[in-house]
Amino acid sequence: MPKIWTWLVIMLTIVASVFSFLIYSGKYDKPASVYTLGDSVSYYKTEDNARKYMLAGWSRQEKGYTWTDGNEASMLFDVQNAGDKNLLLQIRAFAYLGGGLPCQTIDVHVNEIKTASWKITDEAWYEAEIPYTAVGDGLLKIKFVISDPTSPKDIGQSTDERKLGIAVKELIINVID
């Protein structure tokens, strides 16, 4: 009887390890949440549906938006229904321009492919076309690379030590017809 238990424990350990590797293979920090193309993802506290897509580089959600915190902010979406069509990423955002910055330059990468570069100042919609070849297996890792994240504390505006880049209010991914 002890041999059966030993064998069972070994098999369960192997299965758990394989499952863990498949989900957390180092490619992503967590499993992707399913995203329905065209749905609005809200980055403000009262409509909190963005957190499930966020990977790294995001601050806490505030009343009307969520700040990026640091040089990069990333998200992961499972968009299995994309087919072989190009997609359009749209975000409504504004920049932290403390210390006299004229704008924040944001490089947009989808699955490690640079798809756009935005000069963000005031609140507006910003768009990036995602080629269908970047969609691959349906998992979209979207990464914003922020040019000049700045801490309000570093420029004497407040005690806030976060390295702010852009405040994101909303995100939508759609098929381009």
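Under my numbering, the letters of the sequence shown match residues 8 to 184, in that order.
Just so you know, even glycine gets a beta-carbon here, dropped at the ideal spot from N, CA and C.
Nothing here was measured: the structure is a model prediction, and the numbers come from that model.
Opening and closing residue of the beta strand (DSSP E) in which residue i lies
i, result
"TYR133", "131-137"
"ASP76", "73-76"
"ARG67", "65-68"
"ASP144", "Note, ASP144: premise wrong, no beta strand (DSSP E); not H, not E."
"SER165", "Looking at the DSSP string, SER165 is not in any beta strand (DSSP E), and its letter there is neither H nor E."
"GLN111", "111-117"
"THR122", "120-127"
Span separating the alpha-carbon of residue i from that of residue j
i, j, result
"GLN68", "VAL182", "28 Å"
"TRP65", "GLY90", "30 Å"
"THR43", "VAL86", "7 Å"
"ARG169", "ILE113", "17 Å"
"TRP74", "VAL142", "26 Å"
"THR20", "TYR60", "With a pLDDT of only 49 at THR20, under 50, the local geometry of the prediction cannot be trusted, and no value is derived from it."
"GLN164", "LEU83", "33 Å"
"SER124", "THR140", "19 Å"
"GLU79", "LYS150", "7 Å"
"ASP184", "PRO159", "42 Å"
"GLY145", "ASN56", "20 Å"
"ASN88", "LEU94", "11 Å"
"LEU48", "THR157", "Per the sequence presented here, residue 48 reads as Val, with Leu not at that position. Taking the straight line joining both Cα atoms gives about 25 Å."
"ILE120", "GLU54", "30 Å"
"ARG58", "SER81", "11 Å"
"ILE137", "THR122", "6 Å"
"VAL115", "LYS10", "54 Å"
"PRO38", "LEU96", "21 Å"
Environment of residue i [buried if 16+ CB atoms lie within 10 Å]
i, result
"VAL41", "exposed"
"PRO109", "exposed"
"TRP132", "exposed"
"ASP129", "exposed"
"THR166", "exposed"
"ALA63", "exposed"
"LEU29", "The predicted model places LEU29 with a pLDDT of 42, which falls under 50 and marks its position as unreliable; any figure quoted below should be read in that light. Looking at its Cβ environment, which holds fewer than 16 other Cβ atoms inside 10 Å, LEU29 is exposed."
Beta-bridge partners of residue i, as assigned by DSSP
i, result
"THR157", "LEU171"
"SER47", "ILE179"
"GLU79", "VAL152"
"ALA102", "ILE173"
"VAL41", "ASP85"
Beta-carbon spacing of residue i, residue j below 8 Å
i, j, result
"GLN111", "ILE173", "yes"
"TYR50", "GLU134", "no"
"ASN118", "LYS92", "no"
"TYR72", "VAL175", "yes"
"ILE162", "GLY105", "yes"
"ASP76", "LEU171", "yes"
Any non-hydrogen atom of the ligand GTP within 7 Å of residue i CB
i, result
"THR73", "Absent from the structure shown: the ligand GTP. Ligands present: none."
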